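*Asks:* Please see the structure below; I have some questions.
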Amino acid sequence: MPRSAFDAGHSWFKQLFELSPDPAWIIDGNKFVECNEAAIKTLGYASRDTLLNVHPSKLSPPRQPDGEDSYIKAEHMMALAKDKGLHRFEWVHTKADGVNFAAEVTLSVIKFPDRKVIYCVWRDISERKRVEAQLRESQKMEALGTLAGGVAHDFNNVLATILGNVELARQDMGPGHKAAESLEEIDKAGRRARKLVQQILTFGRRQATERKVISLIPVVEEAAKLLRATLPAEIYMNVVCAADAPMVLADATQIEQVLLNLCNNSWHATKEREGDAAIGIRLYAGMRGGLRCTVLKVRDNGHGMDEATLSRIFEPFFTTKPVDKGTGLGLSVVHGIVKEHGADIEVTSTVGEGTTFLIRFPEAQAPEQHVPERTPQAVSVHGQGKHILYVDDDESIVLLMTRLLERKGFRVSGYTNPFDALAAARADSGQFDLAVTDYSMPGASGLEVVRTLKAIRADLPVVMASGYITDELRQNAPAAGVSELIYKPNTVDDLCDAVARYASAQAADGKSKPS
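According to this note's numbering, the sequence shown is numbered sequentially starting from 25.
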């Protein structure tokens with residue numbers, strides 16, 4: 025529609041066209057013959073004439089996200105509009121300053137006696153796309169976290185069985201046995217696997233934390249000392265901590281792990297540089313959502329990442345390293361810890377120039393109270409015939425713990441069905457000195473088992489074992505009557521210590537079991 029058409033009785037259309045808050049075009053053939061004020065402002069051009077004189081190919085990147093040539097695809101979309109009368113699709117436009125943005129485009133056909141013109145309206149949907157991407161990422165991470173927790177629970181049972189049976193085998197064979205070296209290697213592998221499970225739980229934000237209001241300055245300085253001792257001498261590392269960095273609510277060990285993982289990642293990224301590899305660490309005060317925060321910045325001058333790699337770096341098991349050089353969990357763990365601390369992480373990277381990680385921790389307002397697991401103290405462990413009620417749905421765990429505890433002088437009644445265990449307690453609660461229950465069992469929650477045991481006998485100490493001790497569990501356990509939480513697969517040593525501790529306490533208090 026040439027401008028003359030506006031002047032020939034279409035003033036109502038011209039008013040709607042100009043007043044539209046969405047950018048709009050009139051396309052005649054392959055040319056933009058008219059645009060409204062919203063299009064001029066959105067694309068950042070000085071005037072209508074300037075914009076209309078720009079070749080259409082300059083208003084889009086050479087290719088669209090699906091890889092198709094923009095010019096060819098635009099021709100196809102207009103042909104579809106002329107055929108259907110209306111066509112809606114997503115398109116990437118380019119502003120005058122070269123910045124690309126996503127838009128939702130609607131093409132409709134206006135018919136004249138001698139030709140058809142296309143009325144094009146589009147809306148910037150960059151923010152919507154960003155929010156949708158964040159939502160997808162959040163849902164993906166939540167789903168993976170749930171999966172990680174379930175896998176870790178079952179895997180911890182397997183590890184507890186392996187490590188426990190290694191200990192039994194050592195006791196059976198005695199010193200100097202030729203199988204000792206093999207058992208030692210099995211034990212080492214099992215403990216490495218246990219650390220891997222802990223990493224998975226951290227990624228899934230299912231590992232308990234001990235957060236306190238602290239300054240991150242000593243945490244960064246301590247991590248830097250360790251890094252300087254482990255990184256190659258040719259890598260230059262600069263560490264700067266601002267004294268005014270706010271206090272934060274954090275688990276010092278986990279923040280140190282974040283820094284070590286990021287710097288390890290930077291080290292691998294700078295390996296190809298000769299003589300000028302550098303890693304910079306800065307801690308300083310910043311702002312986040314209008315509030316003060318502490319910013320931890322890690323910058324390297326390594327090979328950098330392209331957009332495809334950058335979009336996947338927090339995915340578990342995704343790695344660009346050789347098969348034997350990394351698990352792909354390092355940055356996933358970083359992501360889990362950061363989110364668990366209520367912080368956010370921003371990554372920028374340029375191929376050939378390096379990568380920067382920015383983590384913003386909110387300023388601490390007040391210490392957060394937690395219910396920590398009791399720290400086991402060294403106690404001489406001998407059962408002296410003390411009777412333990414042991415409940416776990418995994419038969420191999422029940423068998424293992426029964427054998428281990430009986431060797432230490434305890435009597436054990438083991439059950440894989442929690443209802444059978446409760447029936448035994450109802451029949452004669454006085455026979456037991458301590459009860460131990462798993463947390464996650466089919467048909468009954470460990471907390472439900474504890475509440476029922478406490479209802480049967482209020483003074484019976486009850487220990488709960490779990491493959492992942494969440495903050496929620498730690499908060500709910502004391503109210504249910506749990507005396508102590510033990511992390512699987514540390515069950516054997518920690519449980520024996522707990523049994524001896526409660527048995528000693530009962531003896532010191534002169535308490536006797538009810539008849």
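The beta-carbon is built from N, C-alpha and C at its ideal position, and this holds for glycine as well. Predicted model, so just to flag it, every value in this text is computed and none were measured.
1. Within 10 Å of its beta-carbon, does residue 535 have 16 or more other beta-carbons around it, so buried, or fewer, so exposed?
2. Of all the options 456, 455, 473, which has the alpha carbon lying nearest to the alpha carbon of residue 462?
3. May I have the straight-line CA-CA distance separating residue 526 from residue 322, to the nearest angstrom?
4. In three-state terms, what does DSSP make of residue 73?
5. What I want to know is whether the C-beta of residue 262 ends up closer than 7 Å to one or more non-hydrogen atoms of the ligand MG.
6. Ends of the alpha helix (DSSP H) at residue 484?
7. Measuring CA to CA, which of 412, 125, 111 is closest to residue 117?
8. Looking at C-alpha atoms only, which residue of 246, 281, 276, 54 is the closest neighbour of residue 355?
9. Just confirm the distance between the C-beta atoms of residue 303 and residue 265, as a whole number of angstroms; I'd bet it's less than 8 Å.
10. In terms of residue numbering, what span does the beta strand (DSSP E) encompassing residue 462 cover?
11. State buried or exposed for residue 502, treating a residue as buried only when at least 16 other CB atoms are found within 10 Å of its CB.
12. Hey, how far is the Cα of residue 105 from the Cα of residue 163?
13. Can you name the residues that DSSP bridges to residue 317?
14. May I have the straight-line CA-CA distance separating residue 318 from residue 155, to the nearest angstrom?
15. Which residue's Cα is closest to the Cα of residue 103: 377, 376, 471, 142?
16. So, are the CB atoms of residue 307 and residue 269 less than 8 Å apart?
17. Using 8 Å as the cut-off, can you tell me whether the stretch 473-490 makes contact with the stretch 452-462, which would need three or more C-beta pairs spanning the two stretches below that distance?
18. Under a three-way DSSP split, which group does residue 271 fall into?
19. Under 8 Å, do residue 328 and residue 358 count as touching if we go by C-beta distance?
20. By how many angstroms is the C-alpha of residue 435 removed from the C-alpha of residue 489?
21. If I follow the unbroken alpha helix (DSSP H) through residue 280, where does it start and stop?
22. By how many angstroms is the C-alpha of residue 387 removed from the C-alpha of residue 367?
23. Does the distance from the CB of residue 69 to the CB of residue 127 come in under 8 Å?
24. Could you tell me which whole beta strand (DSSP E) segments of length 3 or greater appear in the stretch 54-105?
25. With residue 111 and residue 131 assumed to form a contact (beta carbons below 8 Å), what rounded beta-carbon distance in angstroms separates them?
26. Does residue 201 pass the burial test, meaning 16 or more other C-beta atoms within 10 Å, or should it be called exposed?
27. Judging by CA-CA distance, which residue of 309, 114, 158 is the nearest neighbour of residue 338?
28. To which residues of the same chain is residue 95 closer than 6 Å at the C-beta, ignoring the five residues directly before and after it?
29. Report yes if the C-beta distance between residue 188 and residue 424 is below 8 Å; otherwise report no.
30. For residue 312 and residue 150, I'd like the C-alpha separation in whole angstroms.
31. In the DSSP assignment, find the beta strand (DSSP E) that holds residue 116 and state where it starts and stops.
32. Straight-line CA distance for residue 199 to residue 433?
33. Mind checking who residue 426 pairs with in its DSSP beta bridge?
34. What is the DSSP secondary structure of residue 468, reduced to helix, strand or coil?
35. From what residue to what residue does the alpha helix (DSSP H) around residue 241 run?
36. Around the C-beta of residue 180, are 16 or more other C-beta atoms found within 10 angstroms, so that it is buried, or is it exposed?
*Replies:* The short version:
1. Counting from one through the sequence shown, the residue named residue 535 turns up at place 511. Low local confidence applies: a pLDDT of 49 at residue 535 is under 50, so the model's placement there is unreliable, with the coordinate-based value given in what follows. The residue is exposed, with fewer than 16 neighbouring Cβ atoms inside 10 Å.
2. On the sequence shown, residue 462 is found 438 positions in, with the first residue counted as 1. Closest by C-alpha distance to residue 462, out of 456, 455, 473, is 473.
3. Counted from its first residue, the sequence shown places residue 526 at position 502. Counted from its first residue, the sequence shown places residue 322 at position 298. Rounded to whole angstroms, residue 526 to residue 322 spans 47 Å at the Cα level.
4. Walking along the sequence shown from the start, residue 73 turns up at place 49. Taken through DSSP and simplified to helix, strand or coil, residue 73 comes out as helix.
5. With respect to small molecules bound, the structure shown includes none, and the ligand MG cannot be examined in it.
6. Position 460 of the sequence shown holds residue 484. Where residue 484 is concerned, there is no enclosing alpha helix (DSSP H), given that its DSSP letter is neither H nor E.
7. What you label residue 117 is simply residue 93 of the sequence shown in a count that begins at 1. Taking only the C-alpha atoms, the option nearest residue 117 is 125.
8. As a position in the sequence shown, residue 355 is number 331, starting the count at 1. Of the listed residues, the one whose Cα sits closest to residue 355 is 281.
9. The residue given as residue 303 occupies position 279 in the sequence shown. The residue given as residue 265 occupies position 241 in the sequence shown. 15 Å between Cβ atoms; not a contact.
10. Residue numbering aside, residue 462 sits at position 438 when the sequence shown is read from its first letter. Residue 462 -> beta strand (DSSP E) spans 458-462.
11. Reading the sequence shown from its first residue, position 478 is the one you call residue 502. Flag for residue 502 reads exposed.
12. As a first step, residue 105 is located in the sequence shown; it is residue number 81 there, counting from the start. As a first step, residue 163 is located in the sequence shown; it is residue number 139 there, counting from the start. Rounded to whole angstroms, the gap between the alpha carbons of residue 105 and residue 163 is 36 Å.
13. One-based indexing of the sequence shown puts residue 317 at position 293. In the DSSP assignment, residue 317 forms a beta bridge with 310, 386.
14. Numbered from 1 along the sequence shown, position 294 holds the residue referred to as residue 318. Numbered from 1 along the sequence shown, position 131 holds the residue referred to as residue 155. Residue 318 and residue 155 have their C-alpha atoms some 25 Å from each other.
15. Taking the first residue of the sequence shown as 1, we reach residue 103 at position 79. Comparing Cα positions, the closest option is 142.
16. Residue mapping note: residue 307 aligns to position 283 of the sequence shown, counting from 1. Residue mapping note: residue 269 aligns to position 245 of the sequence shown, counting from 1. Less than 8 Å separates the beta-carbon of residue 307 from that of residue 269.
17. Verdict: yes, contact present.
18. Numbered from 1 along the sequence shown, position 247 holds the residue referred to as residue 271. Of the three classes helix, strand and coil, the one that applies to residue 271 here is coil, per DSSP.
19. For the purposes of this step, residue 328 is identified with residue 304 of the sequence shown, where counting begins at 1. For the purposes of this step, residue 358 is identified with residue 334 of the sequence shown, where counting begins at 1. Contact flag unset, no.
20. Mapped onto the sequence shown, residue 489 falls at position 465. Mapped onto the sequence shown, residue 435 falls at position 411. Between the alpha carbons of residue 489 and residue 435 lies a distance of about 19 Å.
21. The sequence position of residue 280 within the sequence shown is 256, counting from 1. Per DSSP, residue 280 belongs to the alpha helix (DSSP H) from 276-293.
22. Taking the first residue of the sequence shown as 1, we reach residue 367 at position 343. Taking the first residue of the sequence shown as 1, we reach residue 387 at position 363. Their Cα atoms are separated by approximately 10 Å.
23. In the sequence shown, residue 69 corresponds to position 45, counting from 1. In the sequence shown, residue 127 corresponds to position 103, counting from 1. No. Outside cutoff.
24. The stretch 54-105 contains, as complete beta strand (DSSP E) runs of 3+ residues, the segments 55-59 (chain order).
25. Locating residue 111 in the sequence shown gives position 87, where the first residue counts as 1. Locating residue 131 in the sequence shown gives position 107, where the first residue counts as 1. By a beta-carbon distance limit of 8 Å, residue 111 contacts residue 131. Their separation comes to about 5 Å.
26. Residue mapping note: residue 201 aligns to position 177 of the sequence shown, counting from 1. Residue burial is scored here from C-beta neighbours: residue 201 has fewer than 16 other C-beta atoms within 10 angstroms and is therefore classed as exposed.
27. For the purposes of this step, residue 338 is taken as the residue at position 314 of the sequence shown. Proximity to residue 338 across 309, 114, 158 peaks at 158, based on C-alpha coordinates.
28. For the purposes of this step, residue 95 is taken as residue 71 along the sequence shown, with counting starting at 1. Hits under 6 Å: 81.
29. Translated into positions along the sequence shown, residue 188 becomes position 164. Translated into positions along the sequence shown, residue 424 becomes position 400. Residue 424 is positioned such that its CB atom lies closer than 8 Å to that of residue 188.
30. Stepping through the sequence shown from its first residue, residue 312 is reached at position 288. Stepping through the sequence shown from its first residue, residue 150 is reached at position 126. If you take the alpha carbons of residue 312 and residue 150, they lie about 22 Å apart.
31. Within the sequence shown, the letter at position 92 stands for residue 116. Looking at the DSSP string, the run of the beta strand (DSSP E) that includes residue 116 is 110-118.
32. As a working mapping, residue 199 is identified with position 175 in the sequence shown. As a working mapping, residue 433 is identified with position 409 in the sequence shown. Rounded to the nearest whole angstrom, the C-alpha separation of residue 199 and residue 433 is 22 Å.
33. Position 402 of the sequence shown, counting from 1, holds the residue named residue 426. Paired residue(s): none; residue 426 is not in a bridge.
34. As a position in the sequence shown, residue 468 is number 444, starting the count at 1. Residue state, collapsed to three classes: strand.
35. Indexing the sequence shown from 1 puts residue 241 at position 217. Segment 241-254, the alpha helix (DSSP H) holding residue 241.
36. Residue mapping note: residue 180 aligns to position 156 of the sequence shown, counting from 1. Classification of residue 180: buried, given that the 10 Å Cβ count is 16 or more.
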